[in-house]
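Asker: Numbering (full-length UniProt numbering), first residue to last: 1 to 449. Note that CB positions come from ideal geometry on N, CA and C, so glycine has one too.
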RNA sequence: GUGGCUAUCGUACAGCGGUUAGUACACCGGGUUGUGGUCCCGGCGAUCUGGGUUCAACUCCCAGUAGCCACCCCA
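Given below as structure tokens:
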């Protein structure tokens with residue numbers, strides 16, 4: 001039996017074509033899964049980021065930025081070497097001095113590193129409440145709401161073991177979605193602590209090892225049974241979903257402290273009218289969580305789809321594990337792109353508070369100078385004005401005024417210069433009147449009311 | 001990483017084995033002078049890349065790439 005000569009030559013030709021020198025004038029394309037955010041979309045970003053920041057600040061969180069680049073080991077140790085994020089999605093490279101460098105795939109490890117490094121355990125304000133807004137990088141196959149460079153808003157509380165902290169961060173996320181009119185629901189669970197979880201995991205394995213149960217598992221879950229049994233619980237394969245129905249639930253196996261903690265978290269949430277769903281199968285993919293874990297899911301898409309808008313939990317052992325003092329902590333991350341996606345889907349109208357309602361037009365060199373100064377004065381006095389002093393003909397300036405949808409256009413030309421007047425044109429009616437330049441502010445106030 | 005669907009002016013869509021590749025919106029210019037939107041006229045502007053089949057490919061086939069969707073995973 002021969003090979004397939006035809007296919008082979010074609011393949012070779014394709015290879016050759018690929019290696020051909022690219023046309024020098026051709027645009028170099030953007031990297032896959034990494035995009036530009038254009039002004040049109042940026043309106044949504046402004047909305048989301050401004051809302052998020054003011055909300056988070058209200059609860060006393062302070063902004064922190066950490067580097068985009070960190071040592072690979074940081075994520076291997078904290079996020080976990082075995083996790084998908086670290087083992088197959090992280091961008092890494094060896095730097096010239098042989099340092100192993102990673103583009104951050106997650107915010108929490110960097111914040112933990114920063115907390116330890118700067119001795120924040122001895123800051124006067126305790127617990128330490130930080131928030132973070134930035135880009136993360138994961139090498140995944142792009143989809144709607146999933147990019148290789150994406151943005152997240154993060155929140156962390158360091159140094160507070162009490163259930164109030166868990167409840168409060170969940171409340172903040174919940175409020176944020178509400179304010180942005182995104183329908184989100186809280187899914188919550190507790191995965192115990194090093195005292196009670198191992199016992200539970202043992203029971204879980206026992207259950208899944210029973211022949212009739214085990215035989216129904218998907219190939220992935222058979223592996224999970226050995227590598228990461230907790231993940232058996234959130235497999236979406238139908239047979240696995242069926243199999244887990246009778247599985248022991250961790251809530252029934254929490255130690256007293258963990259149960260107490262969890263009950264308190266739920267009580268606070270009830271008290272605050274935060275609607276949540278107890279989800280015994282929520283476990284999350286990162287290694288460092290203990291006790292409370294939660295996710296924010298979008299209300300609509302019940303099955304499939306990227307409906308996780310954000311998630312987080314408690315990680316009481318991570319700071320110590322990363323080389324700091326024992327420090328209880330919890331936090332969450334919410335994906336900005338996914339929030340924006342939801343807002344776009346809902347056609348929530350955008351209002352730009354800085355939208356100008358006045359346009360300053362000028363004609364000729366002398367009036368241009370006066371108009372420029374006038375424009376400055378408008379800014380100082382707090383008016384929202386627009387201009388285009390680069391264009392000299394009135395037609396072009398009015399066109400722009402129209403596009404900007406301003407209410408009034410103020411025209412300053414030779415004639416007005418001589419008379420010490422200014423022309424006020426109402427853009428909707430097209431009516432215009434001459435006013436004494438000195439009275440212009442008075443008139444503006446009257447008309448813009 | 002796996003599978004399915006898709007790829008035409010800036011955008012949204014037509015189209016056909018042989019066409020000057022069409023329409024709408026956007027953009028630029030004009031309908032004289034210091035007046036926008038509406039209207040009229042004109043203009044710019046595209047077949048993702050490479051290969052194959054064919055007399056002929058935007059159209060059919062293969063590969064690459066990208067996008068969407070599902071899975072994995074997650075935000």
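#1: Mind checking who residue 290 pairs with in its DSSP beta bridge?
#2: Taking all protein chains shown into account, do 16 or more other C-beta atoms lie within 10 angstroms of the C-beta of residue 61, making it buried, or fewer, making it exposed?
#3: Which residue comes first and which comes last in the alpha helix (DSSP H) that contains residue 260?
#4: Are the CB atoms of residue 89 and residue 140 nearer to each other than 8 Å?
#5: How would you write the range of the beta strand (DSSP E) that residue 276 sits in, first residue to last?
#6: Looking only at its chain, what residues have a beta carbon closer than 7 Å to the beta carbon of residue 427, apart from the 5 residues adjacent to it on each side?
#7: Helix, strand or coil for residue 146 per DSSP?
#8: Measuring CA to CA, which of 38, 309, 106, 131 is closest to residue 145?
#9: By a C-beta neighbour count over all protein chains shown, 10 Å radius and 16 as the cutoff for buried, is residue 441 buried or exposed?
#10: With burial defined as no fewer than 16 other Cβ atoms inside 10 Å of the residue's Cβ, what is the status of residue 261: buried or exposed?
#11: Can you tell me whether residue 175 is helix, strand or coil according to DSSP?
#12: State the DSSP-derived secondary structure class of residue 58, mapped to helix, strand or coil.
#13: Could you tell me which residues DSSP pairs with residue 364 in its beta bridges?
#14: By how many angstroms is the C-alpha of residue 425 removed from the C-alpha of residue 432?
#15: Specify whether the region 340–348 and the region 214–234 touch according to this definition: at least 3 beta carbon pairs, one from each stretch, less than 8 Å apart.
#16: Quick one: what's residue 100 bridged to in DSSP?
#17: So if DSSP puts residue 129 in a beta bridge, which residue, or which two residues, is it bridged to?
#18: Taking only runs that begin and end inside the region 334–412, name each unbroken alpha helix (DSSP H) of 4 or more residues, in chain order.
#19: Can you name, in chain order, every residue of its own chain whose Cβ lies under 7 Å from the Cβ of residue 77, other than the five neighbours on each side?
#20: Taking DSSP as the reference, what is the three-state secondary structure of residue 422?
#21: Give the range of the beta strand (DSSP E) segment to which residue 70 is assigned.
#22: What first and last residue would you give for the alpha helix (DSSP H) that runs through residue 85?
#23: Across which residues does DSSP place residue 136 in a beta bridge pair?
#24: According to the neighbour-count rule (16 or more other Cβ atoms, all chains shown, within 10 Å of its Cβ), is residue 100 buried or exposed?
#25: Mapping DSSP to helix, strand and coil, what is residue 188?
Answerer: According to the structure data:
#1: Position 290 of the first chain holds residue 290. Paired residue(s): 314.
#2: Along the first chain, read from residue 1 onward, the residue named residue 61 stands at position 61. Buried is the call here.
#3: The residue given as residue 260 occupies position 260 in the first chain. First-last of the alpha helix (DSSP H) with residue 260: 256–271.
#4: In the first chain, residue 89 corresponds to position 89, counting from 1. In the first chain, residue 140 corresponds to position 140, counting from 1. Going by C-beta atoms, residue 89 is nearer than 8 Å to residue 140.
#5: The residue given as residue 276 occupies position 276 in the first chain. Counting along the chain, the beta strand (DSSP E) containing residue 276 begins and ends at 276–278.
#6: Your numbering for residue 427 matches position 427 in the first chain. Cβ neighbours of residue 427 beyond the five flanking positions: 401, 402, 406, 407, 408, 409.
#7: For the purposes of this step, residue 146 is taken as the residue at position 146 of the first chain. In this structure, residue 146 counts as strand in the three-state DSSP scheme.
#8: What you label residue 145 is simply residue 145 of the first chain in a count that begins at 1. When each option's Cα is compared against that of residue 145, the closest is 309.
#9: Stepping through the first chain from its first residue, residue 441 is reached at position 441. Under this definition residue 441 is an exposed residue.
#10: Stepping through the first chain from its first residue, residue 261 is reached at position 261. Buried, since its Cβ has 16 or more Cβ neighbours within 10 Å.
#11: As a first step, residue 175 is located in the first chain; it is residue number 175 there, counting from the start. In this structure, residue 175 counts as helix in the three-state DSSP scheme.
#12: Walking along the first chain from the start, residue 58 turns up at place 58. Here residue 58 sits in helix by DSSP.
#13: The sequence position of residue 364 within the first chain is 364, counting from 1. None, per the DSSP bridge assignment.
#14: Here the question's residue 432 lines up with position 432 in the first chain. Here the question's residue 425 lines up with position 425 in the first chain. Cα to Cα, residue 432 sits roughly 4 Å from residue 425.
#15: no
#16: As a working note, residue 100 is residue 100 in the first chain. Partner(s): 94.
#17: Indexing the first chain from 1 puts residue 129 at position 129. 157, per the DSSP bridge assignment.
#18: 336–346, 365–380, 394–403
#19: On the first chain, residue 77 is found 77 positions in, with the first residue counted as 1. Excluding residues within five positions, the ones whose Cβ falls inside 7 Å are 322.
#20: On the first chain, position 422 is the one that residue 422 refers to. It is a strand residue.
#21: Here the question's residue 70 lines up with position 70 in the first chain. Where residue 70 is concerned, the enclosing beta strand (DSSP E) stretches over 69–71.
#22: Here residue 85 refers to the residue found at position 85 of the first chain. Here the alpha helix (DSSP H) through residue 85 covers 84–88.
#23: Walking along the first chain from the start, residue 136 turns up at place 136. In DSSP, residue 136 forms a bridge with 150.
#24: Your numbering for residue 100 matches position 100 in the first chain. Exposed is the call here.
#25: As a position in the first chain, residue 188 is number 188, starting the count at 1. Strand, per DSSP.
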